[in-house]
Each structure stands twice: as C-alpha cells, then as structure tokens.
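**Student:** Sequence order for the protein chains is A and B.
No gaps in the numbering here: position 300 of the first sequence is 880 in my numbering, and each next residue is one more.
No gaps in the numbering here: position 61 of the second sequence is 641 in my numbering, and each next residue is one more.
Sharing a structure here in structure tokens format.
Number of protein chains: 2
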Amino acid sequence: MNLKQLSELLGLSQTTVSRALNGYPEVNEATRERVLQAVKETGYRPNKAAQRLATGKAGSIGLVMPTAPGHQSDVHFGEFLAGLGEEAVRHDFHFVIMPADPDDEVAALRRLAISGNVDALFVAYMRGHDPRLAMLRSLSMPYVVHGRSFGSEPDYPYLDIDNEGAFYDATRLLLQLGHTRFALMNGPMHLDFAIRRKNGVISALAERGLALEEGCMSHALMTDEQGLLAMEHFLQLPERPTAILCSSTVLALGAIRAVNQAGLRLGEDISLIAHDDVLPLLKPESFSVPLTTTRSSLRAAGVRIAQRLIGTVKQAGPFPDQELWKTELIVRASTGPAPKF
Amino acid sequence: MNLKQLSELLGLSQTTVSRALNGYPEVNEATRERVLQAVKETGYRPNKAAQRLATGKAGSIGLVMPTAPGHQSDVHFGEFLAGLGEEAVRHDFHFVIMPADPDDEVAALRRLAISGNVDALFVAYMRGHDPRLAMLRSLSMPYVVHGRSFGSEPDYPYLDIDNEGAFYDATRLLLQLGHTRFALMNGPMHLDFAIRRKNGVISALAERGLALEEGCMSHALMTDEQGLLAMEHFLQLPERPTAILCSSTVLALGAIRAVNQAGLRLGEDISLIAHDDVLPLLKPESFSVPLTTTRSSLRAAGVRIAQRLIGTVKQAGPFPDQELWKTELIVRASTGPAPKF
DNA sequence: TACATAATTGAAAGCGCTTTGGATGCCACT
DNA sequence: AGTGGCATCCAAAGCGCTTTCAATTATGTA
C-alpha cells in the first residue's frame, strides 16, 4: 500500500492525503478523519526512503562506534547509548551506528555525515586537539560533542562534566585527610577527560607544594584487569602511595582486588576515590568497602544530548551550546585519614 | 554534487556513470576509469536515500535495543553489538537501532521492519514461546535470532549456544566432585537461556536422584548486585548449598563478594561455576580465585550473526539456518571437592 | 559486401513521497 | 452583479538514484 493507492481508494489526491497525514492546517477536518480512518484500516505506512528523499530529513541521529577485532567493547559506551535511546524513543527517532576502526574515526564520521542517513551527529571519545572538530564544523550538520577537546577553542556545541573540578575536589579531600603520596589511575592518555582529570589532581597538589610523581600515573583502558595491573605497580613503589584517584569504578574493581591481595585494607592503608559514571553494573555503595566517588550519570548525559540533538533537528527552540555539569563528591568508606608511618 | 552533475561533467549519461560505479560489466574499462577518477576529484557520493528508494536496499541491519527510564543497560548487549559491528564494518553496513520499551518489543520490531530503514533484522533476548517469531515469519525480511524460543517449533533461523548442555556438564562436574546441595543463580525467568540452563541442571541432578529445591533457584537481572543478594539468600538456607551454578560472570562477581563477606572460601566451602560470555571487562581467570566457567564468546556470536545477515542480504550463498554452538567447560580454582560436614 | 553478434552507451520510466503554484467553489460585502 | 477573501483541494514537478529497453558502433562471419 502506497500513497497513490491510498489516495485513489479515498478518491483524493496524493497531495491532500499527504497533508492530512502530516498535520497541515489547510485540510478539512472531516477529510482528515477519513484519511486517518483509512490508514488504520489499510495499515498504510509511508515509505521512509521516499520521505527522506523528498524532505531530506532522516529522523535519525548518527554515531560512530569504535570497534575492531580485539578492540575492547566499552561498558561506558553501552550505558551512554541507553541514555540516548531513552530520549530517542520518545521522539520516534533512531540511531544509525557506523562501526569503525578507532584509527579511522575522522573518515568514518565524514562518511556517516555525507551518507545522508542521519540528520545529526553525536561524537564521543574526544581527544586533545581532536581533528574531528574541524571536520564537524565544515559539515553544516547539527552535532553535539560529549566531552571537550583540550587545546581546541571551545566554540563547538558540547556537553561535558567538570572533570578537572571533580578530581581537584577529590584530591583536596585526600589532602585534608593528611595524605601526601598520591597516585592517579587514569584512562587512555590521549583522551580529553584523562588530561583534565590529571590537571585537576596536579593543581590541587601544587597548592600544597606537592607533585604527582611520574611513576604514580597510569594510563590504560578502563577495565578491571588494567586496574589490577596498575595498582600492583603502585604497591611495589618504594614510596608506596596511600591515596589513589581512579578514573572509573571499573578500574577500581581491579585495583581493590590488588589491594586485598597485598593484604592491605581499603580506607585505612589505602584511600581510594573513583569517578562513578553510575553504571548499573557497578554500584560503589555496594562494594565490600563502599567507595568514595565523584559522581555524574553517563546515562543522564546521553538523555540530555539526545534532547539537544533531536530538538535541533526538529527546530524546537534554541539550546545552550555549551553545558558543563558539576559532579558530586560522595564520601563513603574507601577514604580515611592517611596512615601514620 | 549529484549523479546528473557528475555525468554532465563527464559528458556521459547518468546510466553509464551509475553502471560504472556499481561494477556492471557492460561498461568500457577506460570509461570506468574516467568515472572513478572524476569521483575522486569531485568527492561525489551517491545519495543513500535515493539509492534506497530506487533499489529497495538500505545497507543496514536493524535491531531493537530494550531501553526505558530505569531499565538497566546490559553489558552483554554492548559486547554483542561490538561483534556485529566488527563484521558490519567490513561490508560497509551499518545498524539502525530502534530503542524500545521492553514491554513493547513486538511492536517496535514491526515498526522497524516496515520502516523500510533496514534490510534484515537481528533479534535477541528470546523468551519462551516468544511472540516475535510469528511476527518475523510473516514479515518476508531476512532475520536471525540470537538464542531460541523454548516451546516454539525450531524452524526459524537462529544461532544459539547449547545452554542446556553447558549447565548439564557443569552440574555433572560438581556431582563428580561429591556435591549434593546445589543452587542455581539464573537470569530472568522468562528468557529462553534461563529456561534451558535450568533444565540442564535439573536433568543432570535427576540422573543422581537429586532435585533442585525451590529456594535454591534465583531469577534476576544479571548484575553484581543481584548476585550478591541471591548468594546472601542461599547462604542463609538451613541446608546451605555447596555448589553454585551461575548464569553470568557478572552475577558471580556479586556472589563471590557475599561468599567472602560470610567468611567462606571459594573453591573449598563453596564451589562455583559461572557461564562466561567472554566479556573484556571481567576475565574469570583474573578473579582472586580464578573461576571455573562454561565459555562461549558473545562477541564471536555477534560476528557470525552479522555474517549470516549481511550474506543473506547480499545473496552471497546459502547459510545454515540453525547453528548450535557447544560451550567449553574450563576448570579453574573456584571448584573443588564437596566439603565434609 | 552483407549480415548476425557483441560491446557500449543513452533516453526515459520509475521508486513513493513532499510541496509549489494554481484551481475551484462559496461566502460576505459593496 | 462584481469583487475579494477563505477554505479546500489538486496536478505536476521535483528529490537522486537504478534499470529497462533501445540505439549505436565495433567486430566477426559467411
């Protein structure tokens, strides 16, 4: 069943039927009723491809999913997607996901944009001086960046959390507890959030005349295995750190295992603060020693970005271009006074 | 730049240019070269919407992502998606993801199918007597089911792992180690894999004249929190089970925490076997007590399903309709002889 | 040389929708 | 009766591609 058939069935023109369906005002209410009734009876659905060709709108937002043989799938990605989805489903939007090799993201993004399959783009996993920004700017397609790109002019639409502030505050808390030996367990070095979190730690330490030793910093994928390895390394240092800052509860999972294996007690021998993306899988409050965290819901960010993206496509009012969310510092049992030596 | 402009530029007809681009044999090689060259220079990309309208093919596979406010995002889902993606990217396919309320999956799937946005469907989270099967059959669109639907005629295309066999084997191993008190920590009751795994346990036990007590079975979302709760419950039973079968390493994570908190030793007081989907996040071999598991890579399943789906759309040879993968039973330290009372 | 055959290319008809630019009829008002 | 304004509706022109059918030229064969 297509428009033509439907309109013949009704004895109307395609024009009128189309207008009736799309809520145009210049159609008689009685006629509209008839059309709607016929749609119900025949089960007519407009052909999306045709609609898209005619209007240029696709009703979808695009994103690139980094993936490759051997590439770790990322829990954080799934959670974020759920947030986007939650909002999209309210507006009858869908996603087009372009899987791409992580080394090929710029090209993949461009391909996605000019594929005509999407109305707007969502971009994540931002890096310092991210080359995608220039490309996006040249694209004349709405987009929102999740995160920011350290070193680039912040004149693009983004939603980010205050990573630097979060880790600054967390570090200050530990300083107040008397800690002087710090270690930072971070995400991959080139990623923006990792850079900012590091800066947050460094600047809080600097205020007390302290520095972050080179060996007290790890950059790795945020898996529990990497957390274990990094912590094992820290624990072997001659001047063992007593205060650990951790970029994810997933890393913390492994880190804590290492702490336990070394026979140390979390919250006493070692204090640890992790950033909590509010993954349903890992609740910091139900760790055996509940975790002190900086919290910001990844999912909520997904919802918000979807709102902005879809809103822009539907031209539903202006949205703030830049949003920076504060995180919450939630103190639980994994932090305590620095041990006395 | 569109086809018309490009063809005028080349002094050729749209027909010839189109054929040159799509690899038709009846075009002069020299001409094809010229066209390809011009494409490179102009950066011409065919409009997908038009292509789709003309051919009816979208170059994409569709899937429904269960999501709702408060709905747990599922690590397993992300991992599976990565597998699909890995294969899709090799064929320049993408996904269209339709987020939908879990209660609305049948309707969402139908909407997706008739939206004309996809060439094939992937379906997961199968339930017993799943109502989606009948719908899919009526659809005349290729699809592959991940899992099966207990109680339905198995005449649909699927890829599944031998859940019953896996848990049968695991249970037998524990029986051989002398265990007599079993508990099963399962996924949501209505899901097919949960039903089959339960059956596997029950039939292995039945061979020894044993039964699975009602209180020794839990059905819940596969998160570590649920694992903790279920295990705490098991440990309070008057006849405490010594052998635990667990539907996911994620559940096991919480379960083990409960075991530790109760001051019991894994592999001695309590033996545990978990099913391992090979999540990069959770490696059973790096648990503090390495986990005995039944293993089958979720990601590999994703790759394979994508192969079948894309292959079918491209009409690249026939594929087996039903595939049932065996799991591996990998013995590590979390299983040991039944304790003597 | 004449004719069948193969190799290349093109014109034009869709694919199913939206939207522009009129029609048409009806009414109120001069 | 003449005019302008409304409310409705429609024919037809795209949107940018693929594909059928046909035309043209080159090649080979009798």
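All residues carry an ideal CB built from backbone N, CA and C; glycine is no exception.
Quick caveat: nothing in here was measured; it's all calculated off a predicted structure.
(1) Determine the closest residue to A:GLU685 out of A:ARG707, A:PHE762, A:GLN756, with distance taken between C-alpha atoms.
(2) Per DSSP, which residues does B:PHE675 bridge with? Please list them.
(3) Taking a Cβ distance cut-off of 7 Å, strictly less, list which residues of the segment 612–636 of chain A are near chain B, in chain order.
(4) Out of B:PHE673, B:VAL615, B:TYR604, state which residue places its alpha-carbon closest to the alpha-carbon of B:GLU588.
(5) Go through its chain and collect everything with a Cβ distance to A:VAL597's Cβ below 8 Å, but skip five positions before and after it.
(6) Taking C-beta to C-beta, are B:ALA763 and B:PRO821 nearer than 7 Å?
(7) Which chain B residues are close to A:MET678, counting only those with a beta carbon under 7 Å from its beta carbon?
(8) Where does B:HIS759 sit, in a helix, a strand or coil, going by DSSP?
(9) Hey, out of B:LEU878, B:ALA880, B:GLU819, B:ALA704, whose CA is closest to B:LEU645's CA?
(10) To test your reading of the DSSP string, which unbroken beta strand (DSSP E) runs of 3 or more residues are found completely within the segment 779–837 of chain B?
(11) Which one of B:SER868, B:LEU633, B:GLY843, B:TYR624 has the shortest CA to CA distance from B:ALA832?
(12) What in chain A is Cβ-close to B:ASP735, meaning under 9 Å?
(13) Can you tell me whether B:ALA662 is helix, strand or coil according to DSSP?
(14) Cβ of B:ARG541 less than 7 Å from any chain A Cβ?
(15) Going by other Cβ atoms of all chains shown within 10 Å of its Cβ, with 16 needed for buried, is A:GLN631 buried or exposed?
(16) Are the CB atoms of A:VAL724 and A:ARG888 nearer to each other than 7 Å?
(17) To the nearest angstrom, how far is it from the Cα of B:VAL858 to the Cα of B:LEU878?
(18) Could you check if B:PHE921 is buried or exposed, using at least 16 other CB atoms within 10 Å of its CB as the buried criterion?
(19) With 9 Å as the limit, tell me which residues of the segment 825–847 of chain A have their beta carbon closer than that to any beta carbon of chain B; keep them in chain order.
(20) Taking the alpha-carbon positions, what's the B:GLY642 to A:HIS674 distance?
(21) Tell me which same chain residues have a C-beta within less than 6 Å of the C-beta of B:ILE741, skipping the five on either side of it?
(22) Please go through the same chain and pick out, in chain order, the residues whose beta-carbon is closer than 6 Å to the beta-carbon of B:THR829, but skip the five residues on each side of it.
(23) Give every residue of the same chain whose Cβ lies closer than 7 Å to the Cβ of A:GLU848, excluding the five residues on either side of it in the sequence, and list them in chain order.
(24) Output needed for B:ALA618: all residues of its chain with C-beta closer than 8 Å, excluding positions within five of it in sequence on either side, in chain order.
(25) Give the residues of chain A in contact with B:MET645, contact being defined as C-beta atoms less than 8 Å apart.
(26) Check the Cβ of B:GLY658 against every Cβ in chain A and list those closer than 8 Å, keeping chain order.
(27) Once you ignore the five residues that flank B:TYR604 on each side, which residues in its own chain have a CB closer than 6 Å to its CB?
(28) Counting only beta-carbon separations shorter than 7 Å, does B:ILE850 have a partner in chain A?
(29) From A:ARG912 to A:GLY663, what does the alpha carbon distance come to, in whole angstroms?
(30) What is the rounded straight-line gap between the Cα of A:LEU809 and the Cα of A:LEU771?
(31) Whose C-beta lies closer than 6 Å to the C-beta of B:ALA823 among residues of the same chain, with five residues either side of it excluded?
(32) Run the CB neighbour count on B:LYS778, radius 10 Å, all protein chains shown included, and call it buried at 16 or more, exposed below.
(33) Across which residues does DSSP place A:HIS726 in a beta bridge pair?
**Tutor:** In short:
(1) That would be A:ARG707, whose Cα lies nearest to the Cα of A:GLU685.
(2) When beta bridges are read from the DSSP output, B:PHE675 appears opposite A:ILE677, B:ILE641.
(3) Flagged, chain order: ARG625, ASN627, LYS628, ALA629, ALA630, ARG632, LEU633.
(4) Of B:PHE673, B:VAL615, B:TYR604, the residue nearest in Cα terms is B:VAL615.
(5) Excluding positions up to five away in sequence, the list reads LEU583, LEU586, SER587, LEU590, VAL615.
(6) Against a cut-off of 7 Å, the Cβ pair of B:PRO821 and B:ALA763 comes out as a contact.
(7) Residues of chain B passing the Cβ test: HIS674.
(8) In the three-state scheme derived from DSSP, where H, G and I count as helix and E and B as strand, B:HIS759 is classed as coil.
(9) Residue identity check: residue 645 of chain B is Met in the sequence provided, not Leu. The shortest Cα separation from B:MET645 among B:LEU878, B:ALA880, B:GLU819, B:ALA704 belongs to B:ALA704.
(10) 797–799, 823–826, all fully within the segment 779–837 of chain B.
(11) For B:ALA832, the closest C-alpha among the options B:SER868, B:LEU633, B:GLY843, B:TYR624 is that of B:SER868.
(12) The contacting residues do not exist; B:ASP735 stays about 26 Å from chain A at best.
(13) Reduced to three states, the DSSP call for B:ALA662 is helix.
(14) Since the first residue of chain B shown is 581 and the last is 921, residue 541 of chain B is not available in this structure.
(15) Residue burial annotation: A:GLN631 is buried, with at least 16 other C-beta atoms found within 10 angstroms of its C-beta.
(16) Their beta carbons are under 7 Å apart, which means A:VAL724 touches A:ARG888 by this criterion.
(17) Counting only the Cα atoms, B:LEU878 lies some 7 Å from B:VAL858.
(18) Under this definition B:PHE921 is an exposed residue.
(19) Within the segment 825–847 of chain A, the residues whose Cβ lies closer than 9 Å to any Cβ of chain B are, in chain order, VAL830, LEU833, GLY834, ARG837, ASN840, GLN841.
(20) Answer to the nearest angstrom: the Cα atoms are 10 Å apart.
(21) Excluding five sequence positions before and after B:ILE741, the CB atoms of its chain that fall closer than 6 Å to its own CB belong to SER876, TRP905, THR907, given in chain order.
(22) Taken in chain order, the residues that qualify are ALA854, ASP856, LEU862, PRO864.
(23) Taken in chain order, the residues that qualify are GLY916, PRO919.
(24) Scanning its chain for C-beta atoms nearer than 8 Å, with the 5 sequence neighbours on each side dropped, one finds around B:ALA618 the residues LEU586, LEU589, LEU590, TYR624, in chain order.
(25) Neighbours of B:MET645 across chain A, judged by C-beta separation under 8 Å: LEU661, ALA662, GLY665.
(26) Residues of chain A passing the Cβ test: SER653, ASP654, VAL655, PHE657, GLY658, LEU661.
(27) For B:TYR604, where only same-chain residues beyond five positions count, there are no Cβ hits under 6 Å.
(28) No, because no Cβ of chain A sits closer than 7 Å to the Cβ of B:ILE850.
(29) The alpha-carbon atoms of A:ARG912 and A:GLY663 are separated by roughly 27 Å.
(30) If you take the alpha carbons of A:LEU809 and A:LEU771, they lie about 20 Å apart.
(31) Around B:ALA823: LEU754, HIS759, PHE762, SER851.
(32) Buried.
(33) Bridge partners of A:HIS726: A:LEU739.
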